Each structure stands twice: as structure tokens, then as C-alpha cells.
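*Asks:* Residue numbers (our numbering), protein chains in the order written: chain A, 117 to 248; chain B, 22 to 120. Heads up, the beta-carbon is just placed ideally off N, CA and C, and yes, glycines get one too. Predicted model, so just to flag it, every value in this text is computed and none were measured.
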Amino acid sequence: MSLTVVLDGGGVHAWAQRVPPRDVLAVMEVIRRRGAGRVLVPSVVTVEALTGDARDAAVNKVLKQVDLVEELPLTRARAAATLRQGTPGSAVDAVVAEAAVRSRAGFLITSDPDDMAALIDRGGGATHIVTV
Amino acid sequence: MDTALLDELTEALAAARQGATTKPISVTLPAPLADAFRLLADRGLIDSVSDAATHALEEALQAVIVGMRLDAIYAEHPHVRPTEQEVAEMAEHAGVALP
Numbered sequence: 117m118s119l120t121v122v123l124d125g126g127g128v129h130a131w132a133q134r135v136p137p138r139d140v141l142a143v144m145e146v147i148r149r150r151g152a153g154r155v156l157v158p159s160v161v162t163v164e165a166l167t168g169d170a171r172d173a174a175v176n177k178v179l180k181q182v183d184l185v186e187e188l189p190l191t192r193a194r195a196a197a198t199l200r201q202g203t204p205g206s207a208v209d210a211v212v213a214e215a216a217v218r219s220r221a222g223f224l225i226t227s228d229p230d231d232m233a234a235l236i237d238r239g240g241g242a243t244h245i246v247t248v
Numbered sequence: 022m023d024t025a026l027l028d029e030l031t032e033a034l035a036a037a038r039q040g041a042t043t044k045p046i047s048v049t050l051p052a053p054l055a056d057a058f059r060l061l062a063d064r065g066l067i068d069s070v071s072d073a074a075t076h077a078l079e080e081a082l083q084a085v086i087v088g089m090r091l092d093a094i095y096a097e098h099p100h101v102r103p104t105e106q107e108v109a110e111m112a113e114h115a116g117v118a119l120p
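(1) Using only the alpha-carbon positions, how far apart do B:M22 and B:A93 sit?
(2) In the DSSP output, what is A:I245 paired with across the bridge?
(3) Three-state secondary structure (DSSP) at B:T43?
(4) When you check each C-beta in the stretch 130 to 161 of chain A against every C-beta of chain B, which residues fall closer than 8 Å?
(5) Taking only beta carbons into account, state which residues of the stretch 169 to 188 of chain A come closer than 7 Å to chain B, listed in chain order.
(6) Could you compute how far the alpha carbon of A:D169 sits from the alpha carbon of A:N176?
(7) Nearest CA to the CA of B:E110: which residue from A:L188, A:S118, A:R138, A:T120?
(8) Say the cut is 7 Å; is the CB of A:A213 nearer than that to a heavy atom of the ligand HEM?
(9) Go through its chain and collect everything with a Cβ distance to B:R90's Cβ below 6 Å, but skip five positions before and after it.
(10) State yes or no: is the beta carbon of B:E29 nearer than 8 Å to at least one beta carbon in chain A?
(11) Starting from the C-beta of A:A130, find all residues in its chain whose C-beta is less than 7 Å away, skip the five residues before and the five after it, and write them out in chain order.
(12) Evaluate B:I46 with the Cβ neighbour count: other Cβ atoms within 10 Å of its Cβ, from every protein chain shown; 16 or more gives buried, anything less gives exposed.
(13) Opposite A:D183 in the DSSP bridges: which residues?
(14) Report yes if the C-beta distance between A:V208 and A:I236 is below 8 Å; otherwise report no.
(15) Excluding the five sequence neighbours on either side, which residues of its own chain have a C-beta within less than 6 Å of the C-beta of A:G239, listed in chain order?
(16) Per DSSP, A:L123 forms a beta bridge with which residues?
(17) Might you give, ordered along the chain, the residues of its own chain that have their beta carbon closer than 8 Å to the beta carbon of B:V101, omitting 5 neighbours on each side?
(18) How should B:T15 be labelled, buried or exposed, when 16 other C-beta atoms within 10 angstroms of its C-beta is the threshold for buried?
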């Protein structure tokens, strides 16, 4: 079974740190040990993760090393909108959660665990949420 | 860390994911595996053996890149390396097996 790890803005920042949080390291070790995996970041995440100045260097480096999904077809946007109804999650959160549900991600690394859990629950996903 | 190698691998992975040009290569596989994937392609369960192989190789390369970054972190901060138990527990959370 393929293993996908989805990162939101907080997750990207965590993995970009000189010393990422221990749980993030453990998740990435799982990919390494399995010898295969996918680290997925919907590009809309960069709206929250980047600042547009020199502070972005570490994040930009990480973005080059992940599967940056730049397309958001209408069908996926609709699915994200459906997930978002009745939850406090933002539009960006909903796109991230939809990506996690659709890809049957094993992990979602996020700084917003409550909203993400609500969104993923609505989508019937079983993604394990790692809080940073 | 071999930064030049990491950069080269990262660029290769990014280019592959963005639809780089393809080229035929010859690989040797266990015959039953080759036959199984040919059968899957013939029945339309996968797009093609080439697509399946590309997907598998991309995921393998991603794991190598992640591993190189982990090694670079541990080289500077050996105390942050997760324990075997922590990694095993994390894998269990996602319902995946470790080799």
C-alpha cells in the first residue's frame, strides 16, 4: 500500500525547520523505512506558508522536495466545498483535507488539528493527524 | 550531506512530476511480476506498465530524498533521531507495516 503524507502550511513550516518536531521526523522515518512514499502539498498552502521575502528560503527548499500539486480541478474544489460545510475550517484547510481524503493519506501534518479532524471526518477519511 | 546529489535528485523528481520527456530503457523484472502488470494493463486496471513503473520509481526517489534530509538533520542533531518504538508507533497510527 502506498503511503502519502499531506502537509498544510504548519506542516510545511515544521518540516522546513532546522530541527523538525520529533513526530514529524518519525513520520518521515516511516517513509524512509518503507522505501517509498509521497509527500503531498496542495499549492494553495503556500498562500499561508510563504511571506514573499527572504524568510521563505527554508520553506522554498522544502517545496522543491515534495509533490506540490498545482492543479485544483473544479471537481476537487466542489468536494472541498462539501467538506467545509458546517465546519469552521478555512477554504485552504478544506482543500488540504480533500487532498488527504482523496489520496487516502496515512498522515496529515498540521498546526490546525481540530479543524482538519472535522473536515476529514466529514469526508470519511482515516488519516492520522500529526499536530505541530 | 551530498548537497549536489540531493539537488540533482530533487530536480529530477520535480521534472518527472511535471511531465518531463520520456525515454525507453530496458529493465529486468521477475517474470511473474512483469506478466502481472501486463495483465493489469491489458484489462485496463492500470494505464500502462510504464505509468505504474514511473509512479513506483517516483515514490522510491521521494523516500531517498526524505532519507537524505533526515540524515542531514541527525548529523547535526543526533539526539533528535526518533527511537525504533516511536517510528513503529507512528507507522501503526497510519495502519502501515514497516519492513
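*Replies:* By the coordinates alone:
(1) Taking the first residue of the second sequence as position 1, residue 22 of chain B is located at position 1. Taking the first residue of the second sequence as position 1, residue 93 of chain B is located at position 72. Straight-line Cα distance between these residues: approximately 6 Å.
(2) Counted from its first residue, the first sequence places residue 245 of chain A at position 129. Answer is A:L224, bridged to A:I245.
(3) Along the second sequence, read from residue 1 onward, the residue named residue 43 of chain B stands at position 22. Reduced to three states, the DSSP call for B:T43 is coil.
(4) Those residues of the stretch 130 to 161 of chain A that come within reach of chain B (Cβ to Cβ, closer than 8 Å) are R134, V135, P136, R138, D139, L141, A142, V143, M144, E145, V146, I147, R148, R149, R150, G151, A152, G153, R154, V155.
(5) K180, Q181, D183
(6) Here residue 169 of chain A is taken as the residue at index 53 of the first sequence, counted from 1. Here residue 176 of chain A is taken as the residue at index 60 of the first sequence, counted from 1. Rounded to the nearest angstrom, the two C-alpha atoms are 11 Å apart.
(7) Position 89 of the second sequence, counted from the first residue, corresponds to residue 110 of chain B. Answer by Cα proximity: A:R138.
(8) Of the ligands one can find in the structure shown there are none, so the ligand HEM has no counterpart to examine.
(9) On the second sequence, position 69 is the one that residue 90 of chain B refers to. Result list for B:R90: empty, nothing under 6 Å.
(10) Taking the first residue of the second sequence as position 1, residue 29 of chain B is located at position 8. Cβ-Cβ to chain A under 8 Å: no for B:E29.
(11) Position 14 of the first sequence, counted from the start, is the residue given in the question as residue 130 of chain A. Excluding sequence neighbours, A:A130 sits near P136, P137, V140, I225, V248.
(12) Translated into the one-based positions of the second sequence, residue 46 of chain B becomes position 25. The residue in question, B:I46, is exposed, as its Cβ has fewer than 16 Cβ neighbours within 10 Å.
(13) For the purposes of this step, residue 183 of chain A is taken as residue 67 along the first sequence, with counting starting at 1. Partner(s): A:L156.
(14) For the purposes of this step, residue 208 of chain A is taken as the residue at position 92 of the first sequence. For the purposes of this step, residue 236 of chain A is taken as the residue at position 120 of the first sequence. At a Cβ-Cβ threshold of 8 Å, A:V208 and A:I236 do not count as neighbours.
(15) Working through the first sequence from its first residue, we reach residue 239 of chain A at position 123. Answer for A:G239: L199, V217, listed in chain order.
(16) For the purposes of this step, residue 123 of chain A is identified with residue 7 of the first sequence, where counting begins at 1. DSSP, once it has assigned bridges, lists A:I225 as partnering A:L123.
(17) Residue 101 of chain B sits at position 80 when you count from the first residue of the second sequence. So the qualifying residues of the chain are I94, Y95.
(18) The question about residue 15 of chain B has no answer, for chain B in this structure spans 22 to 120.
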